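Enquirer: Heads up: the sequence shown is residues -25 to -1, 1 to 349, going by mature numbering (1 follows the signal peptide of the UniProt record, and there is no 0). Here you go, one structure.
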Amino acid sequence: MSKISYYFSNFTLLFLMILTLSSCGTEEPIPEETLSLSIHPKTIQVGDEVSFTAQSNLGGDVSDKAIYYVNEQSIEGRTFQPSEAGEYNVHAIFNGIKSKKEKFTATEKPISSFTTKVLVEDYTGTWCGYCPRMVTILRYLTEYSDRIIPIAIHSDGIPADPWRYEFSKQMQSPDNYNANGLPKGKINRIYDLNQFTQTANCPNDPLLYRPQMDEYLNKTSNLGLAINSTLNGQQLDITVKVGFATNSVPDARLVVTLIEDGLKHNQTNYFAGSNAVCDPASNYAEMPRLIPDFPQEHVLLKAYTDIFGDIIPQEEIKEGSVYTRKFSVPLPANVTNANNLSLVAFVLGNGKEVKNRAVINVQRAKVGEDQPFD
């Protein structure tokens, strides 16, 4: 064997040994762990359930071990029921690894029917001597049906009423609701409530006032309302929704008001010392001409829309659709006790003029509480 061949053979053997040793000392690198998130389904209706799954490239299915976040808030488990329509962002975390964000959309659930409720407005005043009459009538009506929603609109007079509503004169005008000669009761804004269904002008029989309300309570409504609100200090955030079961509501307008219960003030009483036969629970004939600390309920404090209504755009009125208005407003200065506040919202329509545009449906909710469609 030549020297050249000898040296070449030894070099080749040495190279192979080094290559073998080098190969034995090298390991496959461990890949970096990643997490992927899936949402099922991507579009749901409010109140329905959406579910999440998580997959690790190293550990496989980790759906039951991951923690899920919806709009940056952690949730229990891996299912979620949205309470409001909108787009939701979701991510998952497992082993300290965060997935990419995924989205799903919640839409309003179509509503085909709504409970009919009736608005009764009482034009009144603490100075008005016969106005206690409507107080008793409203008690009769609200005891008869919880679908009757009252509002007391306090008007100008002497002595001055502490809750005089700022637009009461405009509302009482003959060009609008023609609500002069207090007390004046109006059903669904434009229809007169008959206070004199008996010989005596002091109410004493609740049964006499019910028939005139049945006409309105028995109607069907092609729209309904939902109200939700939160109060933080003096800041009030309101969401009002109008759901439609129709494609047409001519001249539709939304009104949103704030009322307060549990108020008291001296009340003028013209029944004092008369022979009027009043309800025993409210026997005004035996009370003084100025009743001290007389209860003043459902007092209108403020409207967050035009009191005659803000226009609802026609393109928003579609069967199965929901129109939403949001307000972020301070409480008015005339609030006495925020715990006694409620919101009353209603939709007017079917009339070209204020005086013939009636309430189609109305809703009430205490401030801080959620009142869904019903």
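By construction, the Cβ of each residue, glycine as well, lies at the ideal position given by its N, Cα and C atoms. It should be emphasised that the depicted structure is a prediction, and the values quoted were computed from it without experimental measurement.
Going by DSSP in three states, GLU344 sits in which element: helix, strand or coil?
Expert: Counting from one through the sequence shown, the residue named residue 344 turns up at place 369. Residue state, collapsed to three classes: coil.
Enquirer: Which class does SER257 belong to by DSSP, given the choice of helix, strand or coil?
Expert: As a first step, residue 257 must be located in the sequence shown, where it is residue number 282. Three-state DSSP puts SER257 in a helix.
Enquirer: Measuring straight from C-alpha to C-alpha, what distance separates PHE302 and GLU190?
Expert: On the sequence shown, residue 302 is found 327 positions in, with the first residue counted as 1. On the sequence shown, residue 190 is found 215 positions in, with the first residue counted as 1. The straight-line gap from Cα to Cα measures roughly 34 Å.
Enquirer: Between LYS239 and PRO270, which are expected to be in contact by the criterion C-beta below 8 Å, what is the C-beta distance as a whole number of angstroms?
Expert: Your numbering for residue 239 matches position 264 in the sequence shown. Your numbering for residue 270 matches position 295 in the sequence shown. Sure, about 6 Å apart at Cβ, within 8 Å.
Enquirer: Under 8 Å, do ASN111 and ASP268 count as touching if we go by C-beta distance?
Expert: For the purposes of this step, residue 111 is taken as the residue at position 136 of the sequence shown. For the purposes of this step, residue 268 is taken as the residue at position 293 of the sequence shown. Correcting the residue identity first, residue 111 is Thr in this sequence and not Asn. Taking 8 Å as the Cβ cut-off, THR111 and ASP268 do not qualify as a contacting pair.
Enquirer: Tell me whether ARG53 sits in a helix, a strand or coil according to DSSP, three-state version.
Expert: For this step, residue 53 is matched to residue 78 along the sequence shown. It is coil, neither helix nor strand.
Enquirer: Put ILE287 into one of helix, strand or coil per three-state DSSP.
Expert: The count along the sequence shown starts at 1 and reaches residue 287 at position 312. In the displayed model, ILE287 falls within coil according to three-state DSSP, outside both helix and strand.
Enquirer: Quick check on the DSSP output: the beta strand (DSSP E) that includes LYS40 runs from which residue to which?
Expert: Your numbering for residue 40 matches position 65 in the sequence shown. Where LYS40 is concerned, there is no enclosing beta strand (DSSP E), given that its DSSP letter is neither H nor E.
Enquirer: State buried or exposed for GLU8, treating a residue as buried only when at least 16 other CB atoms are found within 10 Å of its CB.
Expert: Translated into the one-based positions of the sequence shown, residue 8 becomes position 33. Counting Cβ neighbours within 10 Å, GLU8 comes out exposed, since fewer than 16 surround it.
Enquirer: If you follow the beta strand (DSSP E) that VAL110 is in, where does it begin and where does it stop?
Expert: For this step, residue 110 is matched to residue 135 along the sequence shown. First-last for VAL110: 107 to 119, but that is the alpha helix (DSSP H), not the beta strand (DSSP E).
Enquirer: For GLN145, which option in ILE128, ILE133, ILE266, PHE171 has the closest C-alpha, if you only look at C-alpha atoms?
Expert: Sequence index remark: in the sequence shown, residue 145 carries index 170 (1-based). Residue ILE128 is the option with its Cα nearest to GLN145.
Enquirer: Exposed or buried, what is LEU276 when buried is set at 16 or more other beta-carbons lying within 10 Å of its beta-carbon?
Expert: To locate residue 276, count along the sequence shown from 1; it is residue 301. Classification for LEU276: buried.
Enquirer: Between THR54 and HIS66, what straight-line distance do the alpha-carbon atoms span, to the nearest angstrom?
Expert: Sequence index remark: in the sequence shown, residue 54 carries index 79 (1-based). Sequence index remark: in the sequence shown, residue 66 carries index 91 (1-based). Cα to Cα, the separation comes out at about 13 Å.
Enquirer: Leaving out the 5 sequence neighbours to the left and right, which residues in its chain are closer than 7 Å to LYS84 when beta-carbon positions are compared?
Expert: Along the sequence shown, one-based indexing puts residue 84 at 109. Answer for LYS84: GLN20, VAL21, GLY22, listed in chain order.
Enquirer: Apart from the five residues just before and just after ILE266, which ones in its own chain have a Cβ nearer than 6 Å to its Cβ?
Expert: Indexing the sequence shown from 1 puts residue 266 at position 291. For ILE266, where only same-chain residues beyond five positions count, the Cβ hits under 6 Å are GLN242, ASN244.
Enquirer: Rounded to the nearest angstrom, what separates ALA81 and HIS15 at their Cα positions?
Expert: Taking the first residue of the sequence shown as 1, we reach residue 81 at position 106. Taking the first residue of the sequence shown as 1, we reach residue 15 at position 40. About 12 Å.
Enquirer: What residue ranges within the stretch 133 to 208 form continuous beta strand (DSSP E) runs of no fewer than 3 residues, ordered along the chain?
Expert: 159 to 162, 198 to 207
Enquirer: According to the Cβ coordinates, are LEU183 and ARG122 closer than 8 Å?
Expert: Position 208 of the sequence shown holds residue 183. Position 147 of the sequence shown holds residue 122. Not a contact, by the Cβ cut-off of 8 Å.
Enquirer: How long is the line joining the alpha carbons of ALA247 and ASP226, rounded to whole angstroms?
Expert: Indexing the sequence shown from 1 puts residue 247 at position 272. Indexing the sequence shown from 1 puts residue 226 at position 251. Each residue's alpha carbon lies about 45 Å from the other.
Enquirer: So ASP36 packs on GLN30, CB below 8 Å; how close in whole Å?
Expert: Walking along the sequence shown from the start, residue 36 turns up at place 61. Walking along the sequence shown from the start, residue 30 turns up at place 55. Their Cβ separation, rounded to whole angstroms, is 6 Å, which keeps ASP36 and GLN30 in contact under 8 Å.
Enquirer: By the DSSP assignment, the beta strand (DSSP E) with LYS78 in it spans what residues?
Expert: Here residue 78 corresponds to residue number 103 of the sequence shown, with the count starting at 1. That run of the beta strand (DSSP E) goes 77 to 82.
Enquirer: From ILE42 to LYS75, what does the alpha carbon distance come to, in whole angstroms?
Expert: As a first step, residue 42 must be located in the sequence shown, where it is residue number 67. As a first step, residue 75 must be located in the sequence shown, where it is residue number 100. One C-alpha to the other measures close to 13 Å.
Enquirer: Can you find the residues in the same chain that come closer than 7 Å, C-beta to C-beta, to ASN336, ignoring five residues on each side of it along the sequence?
Expert: Residue mapping note: residue 336 aligns to position 361 of the sequence shown, counting from 1. Answer for ASN336: PHE89, THR91, LYS92, SER196, LEU198, GLY199, LEU200, PHE321, VAL322, listed in chain order.
Enquirer: To which residues does DSSP link LEU238 through a beta bridge?
Expert: Mapped onto the sequence shown, residue 238 falls at position 263. Paired residue(s): GLN271.
Enquirer: Tell me, which residues are paired with PHE89 by DSSP?
Expert: The residue you call residue 89 lines up with position 114 of the sequence shown. According to DSSP, PHE89 bridges with SER196.
Enquirer: What number of angstroms, rounded off, separates the C-alpha of THR101 from the C-alpha of ILE165?
Expert: As a first step, residue 101 is located in the sequence shown; it is residue number 126 there, counting from the start. As a first step, residue 165 is located in the sequence shown; it is residue number 190 there, counting from the start. Their backbone Cα atoms lie some 23 Å apart in a straight line.
Enquirer: Which residues in the same chain have their Cβ closer than 6 Å to the Cβ of GLY52, if we skip the five residues on either side of it in sequence?
Expert: Numbered from its first residue, the sequence shown carries residue 52 at position 77. Excluding sequence neighbours, GLY52 sits near nothing in its chain.
Enquirer: By Cβ distance, which residues of its chain are closer than 8 Å to TYR(-20), with the 5 residues on each side in sequence left out?
Expert: Sequence index remark: in the sequence shown, residue -20 carries index 6 (1-based). Because the pLDDT at TYR(-20) is just 48, under 50, the model does not fix this residue reliably, and the value given afterwards should be weighed accordingly. Closer than 8 Å at Cβ, skipping near neighbours: no residue.
Enquirer: Where does ALA127 sit, in a helix, a strand or coil, going by DSSP?
Expert: Translated into the one-based positions of the sequence shown, residue 127 becomes position 152. ALA127: strand per DSSP, three-state reduction.
Enquirer: When DSSP builds the beta bridges, which residues end up paired with GLY22?
Expert: Position 47 of the sequence shown, counted from the start, is the residue given in the question as residue 22. The partner list for GLY22 (beta bridge, DSSP) is empty, contrary to what the question assumes.
Enquirer: In angstroms with no decimal places, state the Cα-to-Cα distance between MET109 and GLY61.
Expert: Within the sequence shown, numbered from 1, the residue matching residue 109 stands at position 134. Within the sequence shown, numbered from 1, the residue matching residue 61 stands at position 86. Roughly 44 Å separates the two Cα atoms.
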